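Below is one structure, written out as C-alpha cells; the observations come after it.
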Amino acid sequence: MSSKENVTLTSNVLGTIGTVLWCIQLIPQIWYNWRRKNTDGFPAAMMFLWASCSVPMGAYLILQQVNIPLQIQPQMFGFFSLVCWGQILYYNRDYTKTKATLLSMGTVVLFGGLEALLILTLRIPYNNGVRWPDIVVGIIAAIILSAGLLPPYFELWKRDGRVIGFSWFPYDLQGLTDNC
Numbered sequence: 061m062s063s064k065e066n067v068t069l070t071s072n073v074l075g076t077i078g079t080v081l082w083c084i085q086l087i088p089q090i091w092y093n094w095r096r097k098n099t100d101g102f103p104a105a106m107m108f109l110w111a112s113c114s115v116p117m118g119a120y121l122i123l124q125q126v127n128i129p130l131q132i133q134p135q136m137f138g139f140f141s142l143v144c145w146g147q148i149l150y151y152n153r154d155y156t157k158t159k160a161t162l163l164s165m166g167t168v169v170l171f172g173g174l175e176a177l178l179i180l181t182l183r184i185p186y187n188n189g190v191r192w193p194d195i196v197v198g199i200i201a202a203i204i205l206s207a208g209l210l211p212p213y214f215e216l217w218k219r220d221g222r223v224i225g226f227s228w229f230p231y232d233l234q235g236l237t238d239n240c
C-alpha cells in the first residue's frame, strides 16, 4: 500500500508521463475514425472491455493511494474507450448520433457510479487492514484489460486476416536481422 507520505516528486512526474502516454493512445484512433466515418474492423467488444476495466482498476488505484496521475488514468482511458465504442455504434452499427452519444455518456455515468460504489464498499475493510478484496478487484481489472486484447483476433479470423496482413512478417524478420 502506498501512503500520501510515500508519493514522491519523481513518482508524480513519471506517473504524469505514463498517464499522458497511456491515455492519448486512443486519440489518434478517435480522429482517424471521425475522418473516415468508418470503424470497419475495429472491434466494439475490445473498446467496451477496455472501458469496463476502468471501473475496478480505478477503484484499486484509489484504494492503494498511489499518486494522483495514476488514480485518474483509468477514468481517462475508460472515457476515450467509450468514445471509440460510441463511434463504432454510430458508424458501423447504424445507431443514430443521438442514440450512440446517449448510450456512451450513460455508460460513462454508470461506470462512474459503479466505481464510486466499489470504492466506498471496499474502503471499510481496507481501512481495517483487510487487503484481499482490493487485490481481487485489481486482478479482475487486469483480466478484463487482457480480455480486451482477444476481440481483434476474432476480427482477423472473421475477415480471413485482411485486417492486418501477414505479408509484413518476412519484412519484420529482415529488419530484425539487419539491425543486429
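Under my numbering, the residues of the sequence shown are numbered 61 to 240, in order. Note that the Cβ used here is the ideal one computed from N, Cα and C, for glycine as well. All of these numbers come straight from a predicted model, not from anything done at the bench.
Pick from the options that is closest to residue i, judged by C-alpha positions
i	options	result
G146	A111, G208, A201, I179	A111
M136	L216, I203, I84	I84
A160	L142, N188, V169	L142
Y186	V115, L170, A105, Q124	Q124
R183	L121, T79, S114	L121
G208	D100, G138, N127, V73	G138
T99	F108, N152, G78	N152
L149	M107, G78, G118	M107
V73	N188, I128, L180	I128
Buried versus exposed, by CB contacts within 10 Å (16 or more), residue i
i	result
S206	exposed
G118	buried
N188	exposed
I204	buried
Check whether residue i and residue j have beta carbons under 7 Å apart
i	j	result
L130	G75	yes
A201	P116	yes
E215	G78	no
S114	P88	no
A244	P212	A question about residue 244 goes unanswered here, because the residues of the chain that appear run from 61 up to 240.
L86	F140	yes
Collapsed DSSP secondary structure at residue i in the structure displayed
i	result
P134	helix
L210	coil
F102	coil
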